[in-house]
Structures are given as structure tokens and as C-alpha cells.
Amino acid sequence: MFETTITVTGRIASEIRVRHTAANARVVSFRLLSRSRRYDKARQEWTNGDSVSLWVNCWEQVASGVTASLRRGDQVVVHGPMSTREYDASDGTRRTSTEMRAEAIGPNLRHCTADVLRPPLYDQPAYPAPTALTPASPTRTDPTPAAPDSAAPDFAAPIPTDTPTDPVPAYSTPTACTPTDSPTAPAVLTALPTPRHPDTPAATPAGSPSAAVRNAALAGRVALGLPTDGSLEDLLTELIDPEREVVPAA
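Be aware that the sequence shown starts at 894, since it is given in the numbering used here, and climbs by one per residue.
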């Protein structure tokens, strides 16, 4: 549905009427007269021009504001859609009425002043302020200690360990060296005997001239699996030429 929305300024030309519909909705109606003004140069004054007369219907909050604020003769500004309605008059004739449903209406401050009185609904904030909460005083009761259990472990007692009370250090403590009576005397080092293989014959004393040769010969014969008895000459001969017959010395 297409509607023609207009804004009209004019004067309330009738008493404000209040009626209720079948659904108990309140409707406020009045006749609005809008007349133009023009300046007559010949008479040097303002005169009335063309006029428009229509019925204004107000619903819901607009109806409540009109009945509480406006009276006949007040200059107002009305905004809303306009339409025409046909009806049968009391004399049986068919007539047409121009009507307007007011979506907004207020006094025309060009011709009057207004003291705006806002209802309590608009004075309240959109969200109520939070109220301070008073914490309740909780009643605290201390728990009654339970009787000690003989089977329960005693956590206050020391934990037994396998560590001895006097632990042995990981290394022995070094003892102090006792100096000799003659500190200037050189220290005598005793040579330890060198272990040898059971099959290795005893070596010739180190003081002998042929000790190194005999020891080398003995080591060679042991490596070849030859007998190790005999003189140094026999050992060397057998080592160099195993097939040669060794004649024992007289």
C-alpha cells in the first residue's frame, strides 16, 4: 500500500474527541485547519489565503500526549500519512473525508512557548544502575579434630634410611709423609721384578757383556718353539741354521 506522508502546520479547529474502538483502543480526533497567509500590497497588510481542512486521528502514545497537552485553538505541527475516506451521511448522501493519521505532533513554537514535561518513563536510564550488594556474614565453624589412629603412619617421625651414621668416605685420607733423618741423602729406588712367561728362561744378568744378545736369542727360540738350553753360541747357531748339528762344548 502506497501512502502519502505530509507535514501540516495549522490550528486545532474543533474540540478534541476521545473514543474507543471495539478492541478497547483509544483514539483521539480533532479537525485541523491549515490556512496560508499572503501579503496584500494594495492594502499593505497580511490576509488569509487558501485553506485545507482535515481530520487528524491519534493513536496510542500520541493520543495520550494530545489529551494531556493540547486544546482547541492551539497552533500545532502534525506529521503522518494522509488518505481519503468515503462514508454515508445522516441525510443519506455519500460524502468524502480527508483524514490524517498522526505519527508525530507538537506545538508550533512560532506562535507559543512550551514547557516540556517528560514522563517518568523517559527519565529513567536505559539500564538501571547496579545496586550495591551487602555480603552476608557467613558463620564459620571450625572442624572437630579426629581422634588419632594408631595404625596411621607418623609423618612427624624421621624417615629411616640405610645410610650409616658414620659414613665411610669415598676415598682414603692421605697420610702425612715422615721426612728421613738425612734429608740430603738421595732416595734409593728398589726395582721390582719384571714378570715373565713360564716358558721363558731366566735372562742373563744385566752385568754380563752378552746379556742383550742372549736375551734376544732366547726370545727368538721361544717364538720358533726350539729348546732354550745350551750356550750362547749354540743358541745363536740353532736360531740361524736350525738344521746344523750343535756339538756340545767339552
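C-beta atoms are modelled at their ideal positions from N, C-alpha and C, and glycine is treated no differently.
Assumed close pair residue i, residue j - CB separation to whole angstroms, cut-off 8 Å
i       : j       : result
Arg910  : Ser922  : 5 Å
Ala1007 : Pro1013 : About 19 Å; that fails the 8 Å criterion.
Unbroken alpha helix (DSSP H) run spanning residue i, endpoints
i      : result
Val955 : Glu953 to Ser962
Under 8 Å between C-beta atoms of residue i and residue j
i      : j      : result
Pro920 : Trp952 : Inspection of the sequence shows that residue 920 is occupied by Val rather than by Pro. Their beta carbons are under 8 Å apart, which means Val920 touches Trp952 by this criterion.
Leu925 : Ala906 : yes
Pro974 : Thr897 : yes
His972 : Thr900 : yes
Gln968 : Arg904 : yes
Ser929 : Asp943 : yes
Ala838 : Asn950 : Because residue 838 is not part of the residues shown, which for the chain are 894 to 1143, the question remains open.
Thr902 : Val945 : no
Close Cβ partners of residue i (< 8 Å) along its chain, the five nearest in sequence each way excluded
i       : result
Ala1099 : Caution is warranted here: a pLDDT of 49 is assigned to Ala1099, below 50, making its placement in the model unreliable, and no coordinate value can be reported.
Asp981  : Arg987 and Arg988
Val1009 : none
Glu979  : Arg987, Arg988, Thr989 and Ser990
Span of the beta strand (DSSP E) around residue i
i       : result
Leu925  : Arg919 to Asp933
Arg904  : Thr897 to Ile905
Gly973  : Gln968 to Asp981
Thr989  : Arg987 to Arg994
Pro1000 : Ala997 to Pro1000
His913  : Arg910 to His913
Sequence-distant residues of the same chain with beta carbon closer than 6 Å to residue i, five excluded per side
i       : result
Thr977  : Thr989 and Thr991
Thr1037 : none
Trp939  : Arg930 and Tyr932
Arg912  : Val920
Arg965  : Ile905 and Glu908
Met993  : Leu947, Val949, Gly973 and Met975
Asn941  : Arg928
Cβ shell of residue i (< 7 Å), same chain only, five flanking positions each side left out
i      : result
Val959 : Ile909, Val921, Cys951 and Ile998
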